[in-house]
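S.K.: Please see the structure below; I have some questions.
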Amino acid sequence: MKRILPLLSLFILGACAGGNHLHSSLEKVEWEMGPGDLMQLRSDVEFVYDAGFRHLYMEENPHENISSVIYYFDIEDGMNPRLYEVIMQFKDEQLRDEFAEKLGPPNTPDGEWEWYDKEGILFKAWTFQSKLIVAKVIPGCEWDE
789 MKRILPLLSL FILGACAGGN HLHSSLEKVE WEMGPGDLMQ LRSDVEFVYD
839 AGFRHLYMEE NPHENISSVI YYFDIEDGMN PRLYEVIMQF KDEQLRDEFA
889 EKLGPPNTPD GEWEWYDKEG ILFKAWTFQS KLIVAKVIPG CEWDE
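Here the sequence shown is numbered in this note's numbering, starting from 789 and rising by one per residue.
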(Lines of atoms letter the chains of each structure in order from A and count residues from 1; the text may use other names and numbers.)
(Lines give C-alpha, C1' and ligand atoms only; values in the text may rest on other atoms or scores of the structure.)
Protein backbone atom coordinates (compact mmCIF):
# COMPACT_ATOMS: atom_id res chain seq x y z
CA MET A 1 0.00 0.00 0.00
CA LYS A 2 2.85 2.41 0.82
CA ARG A 3 4.15 2.03 -2.75
CA ILE A 4 0.73 2.45 -4.36
CA LEU A 5 0.01 5.91 -2.89
CA PRO A 6 3.13 7.58 -4.37
CA LEU A 7 2.43 5.95 -7.73
CA LEU A 8 -1.18 7.12 -7.60
CA SER A 9 0.04 10.62 -6.73
CA LEU A 10 2.35 10.57 -9.74
CA PHE A 11 -0.53 9.55 -12.00
CA ILE A 12 -2.75 12.31 -10.66
CA LEU A 13 0.04 14.88 -10.95
CA GLY A 14 0.56 13.95 -14.57
CA ALA A 15 -3.06 14.91 -15.21
CA CYS A 16 -2.60 18.45 -13.83
CA ALA A 17 -2.26 21.22 -16.40
CA GLY A 18 -0.38 19.45 -19.12
CA GLY A 19 2.22 17.98 -16.80
CA ASN A 20 3.63 21.19 -15.30
CA HIS A 21 1.66 20.59 -12.05
CA LEU A 22 0.30 24.14 -12.07
CA HIS A 23 -3.23 25.51 -12.36
CA SER A 24 -4.75 25.02 -15.82
CA SER A 25 -4.65 28.79 -16.40
CA LEU A 26 -0.84 28.43 -16.35
CA GLU A 27 -0.67 25.41 -18.64
CA LYS A 28 1.79 26.97 -21.10
CA VAL A 29 4.26 27.97 -18.39
CA GLU A 30 7.32 25.73 -18.61
CA TRP A 31 9.80 24.91 -15.88
CA GLU A 32 13.26 26.40 -16.47
CA MET A 33 11.96 28.90 -19.04
CA GLY A 34 13.54 32.35 -18.90
CA PRO A 35 11.75 35.49 -17.70
CA GLY A 36 11.67 36.97 -21.21
CA ASP A 37 9.86 33.89 -22.49
CA LEU A 38 7.41 34.07 -19.58
CA MET A 39 6.69 37.76 -20.19
CA GLN A 40 6.14 37.09 -23.88
CA LEU A 41 3.76 34.24 -23.03
CA ARG A 42 1.92 36.11 -20.26
CA SER A 43 1.70 39.84 -20.93
CA ASP A 44 0.63 40.80 -17.39
CA VAL A 45 3.79 39.44 -15.74
CA GLU A 46 5.98 42.16 -14.22
CA PHE A 47 9.43 42.18 -12.62
CA VAL A 48 9.13 42.70 -8.84
CA TYR A 49 12.67 42.60 -7.45
CA ASP A 50 16.12 41.10 -7.37
CA ALA A 51 16.68 39.10 -4.18
CA GLY A 52 20.36 38.49 -4.95
CA PHE A 53 20.06 34.77 -5.64
CA ARG A 54 16.74 34.92 -7.50
CA HIS A 55 14.55 37.32 -9.46
CA LEU A 56 10.86 37.61 -8.64
CA TYR A 57 8.14 38.29 -11.17
CA MET A 58 4.44 38.63 -10.42
CA GLU A 59 1.16 38.36 -12.27
CA GLU A 60 -2.06 39.77 -10.80
CA ASN A 61 -5.45 38.02 -11.19
CA PRO A 62 -4.52 35.38 -13.79
CA HIS A 63 -7.73 33.44 -13.05
CA GLU A 64 -10.99 34.00 -11.19
CA ASN A 65 -9.76 31.70 -8.37
CA ILE A 66 -6.19 33.04 -8.17
CA SER A 67 -5.38 36.56 -6.99
CA SER A 68 -1.70 36.45 -7.95
CA VAL A 69 1.16 34.25 -9.07
CA ILE A 70 4.78 34.82 -8.12
CA TYR A 71 7.48 33.29 -10.30
CA TYR A 72 10.99 32.66 -8.93
CA PHE A 73 13.93 32.55 -11.33
CA ASP A 74 17.29 31.19 -10.16
CA ILE A 75 20.17 33.54 -11.02
CA GLU A 76 23.07 31.86 -9.22
CA ASP A 77 26.15 30.28 -10.75
CA GLY A 78 26.25 32.64 -13.73
CA MET A 79 23.50 30.69 -15.49
CA ASN A 80 20.68 32.24 -17.46
CA PRO A 81 17.67 32.80 -15.19
CA ARG A 82 15.52 29.67 -14.97
CA LEU A 83 12.01 29.31 -13.57
CA TYR A 84 12.16 26.94 -10.61
CA GLU A 85 9.31 27.94 -8.27
CA VAL A 86 5.74 29.16 -8.69
CA ILE A 87 3.60 30.50 -5.84
CA MET A 88 -0.11 30.49 -6.62
CA GLN A 89 -2.05 32.80 -4.27
CA PHE A 90 -5.62 31.50 -4.33
CA LYS A 91 -8.53 33.75 -3.32
CA ASP A 92 -9.06 31.57 -0.23
CA GLU A 93 -7.88 28.37 1.40
CA GLN A 94 -10.87 26.37 0.18
CA LEU A 95 -10.01 27.13 -3.47
CA ARG A 96 -6.38 26.27 -2.75
CA ASP A 97 -7.39 22.96 -1.19
CA GLU A 98 -9.68 22.10 -4.11
CA PHE A 99 -6.76 22.49 -6.49
CA ALA A 100 -4.28 20.77 -4.13
CA GLU A 101 -6.51 17.67 -4.14
CA LYS A 102 -5.24 17.09 -7.69
CA LEU A 103 -1.82 16.46 -6.17
CA GLY A 104 -3.21 13.53 -4.22
CA PRO A 105 -2.64 13.09 -0.51
CA PRO A 106 0.51 14.68 0.94
CA ASN A 107 3.30 12.10 0.97
CA THR A 108 5.92 13.54 3.35
CA PRO A 109 6.00 13.54 7.16
CA ASP A 110 5.56 17.34 7.04
CA GLY A 111 2.27 17.09 5.12
CA GLU A 112 3.83 18.24 1.86
CA TRP A 113 4.23 16.63 -1.54
CA GLU A 114 7.32 15.30 -3.29
CA TRP A 115 7.47 13.43 -6.58
CA TYR A 116 9.77 12.70 -9.49
CA ASP A 117 8.86 13.35 -13.08
CA LYS A 118 9.56 10.84 -15.85
CA GLU A 119 13.08 12.28 -16.25
CA GLY A 120 13.81 11.68 -12.55
CA ILE A 121 13.66 15.37 -11.55
CA LEU A 122 12.38 16.05 -8.03
CA PHE A 123 9.42 18.38 -7.51
CA LYS A 124 8.14 19.69 -4.18
CA ALA A 125 4.87 21.34 -3.23
CA TRP A 126 3.46 22.76 -0.02
CA THR A 127 0.78 25.11 1.23
CA PHE A 128 1.01 28.28 3.30
CA GLN A 129 -2.06 30.33 4.13
CA SER A 130 -4.02 30.45 0.83
CA LYS A 131 -0.92 29.75 -1.26
CA LEU A 132 0.17 26.61 -3.04
CA ILE A 133 3.87 26.60 -3.83
CA VAL A 134 5.35 24.25 -6.43
CA ALA A 135 9.10 24.00 -6.96
CA LYS A 136 11.25 22.09 -9.41
CA VAL A 137 14.54 21.11 -7.80
CA ILE A 138 17.09 22.10 -10.44
CA PRO A 139 20.85 22.17 -9.88
CA GLY A 140 21.91 25.43 -8.26
CA CYS A 141 18.47 26.53 -7.06
CA GLU A 142 17.71 27.10 -3.39
CA TRP A 143 16.02 23.68 -3.07
CA ASP A 144 19.01 21.77 -4.46
CA GLU A 145 20.45 20.24 -1.30
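Ideal Cβ positions, reconstructed from N, Cα and C, are used throughout, including at glycine.
Mind checking which residues open and close the alpha helix (DSSP H) that includes Ala923?
M.R.: Stepping through the sequence shown from its first residue, residue 923 is reached at position 135. Unbroken run through Ala923 is the beta strand (DSSP E), 919-924; no alpha helix (DSSP H).
S.K.: What residue does the beta strand (DSSP E) around Met846 start on, and which one ends it?
M.R.: In the sequence shown, the residue the question calls residue 846 occupies position 58. That run of the beta strand (DSSP E) goes 842-851.
S.K.: How would you call Lys924, buried or exposed, if buried means at least 16 neighbouring beta carbons within 10 angstroms?
M.R.: The residue given as residue 924 occupies position 136 in the sequence shown. Under this definition Lys924 is a buried residue.
S.K.: Should Ser856 and Glu864 be called a contact, given that it needs their Cβ atoms to be closer than 9 Å?
M.R.: In the sequence shown, residue 856 corresponds to position 68, counting from 1. In the sequence shown, residue 864 corresponds to position 76, counting from 1. No.
S.K.: Kindly indicate which residue of Leu891, Gln877, Tyr845, Asn853 has the alpha-carbon position closest to the one of Tyr904.
M.R.: The sequence position of residue 904 within the sequence shown is 116, counting from 1. Cα-wise, what sits closest to Tyr904 is Leu891.
S.K.: With distance defined between alpha-carbon atoms, name the residue in Lys816, Phe911, Gly840 nearest to Glu873.
M.R.: If you number the sequence shown from 1, residue 873 lands on position 85. Checking every option, the nearest Cα to that of Glu873 belongs to Phe911.
S.K.: Quick one, which of Gly840, Met876, Pro893 has its alpha-carbon nearest Pro869's?
M.R.: Counted from its first residue, the sequence shown places residue 869 at position 81. Among Gly840, Met876, Pro893, the Cα nearest to that of Pro869 belongs to Gly840.
S.K.: Could you name the residues of the same chain whose beta carbon sits closer than 6 Å to that of Phe835, not counting the 5 residues immediately before and after it, in chain order?
M.R.: If you number the sequence shown from 1, residue 835 lands on position 47. Excluding sequence neighbours, Phe835 sits near Tyr845.
S.K.: Ignore the nearest five residues each way along the sequence and tell me which others in Leu810's own chain have a CB closer than 8 Å to its CB.
M.R.: Residue numbering aside, residue 810 sits at position 22 when the sequence shown is read from its first letter. Once the five neighbours on either side are set aside, the close Cβ partners of Leu810 are Cys804, Val817, Val874, Met876, Val922.
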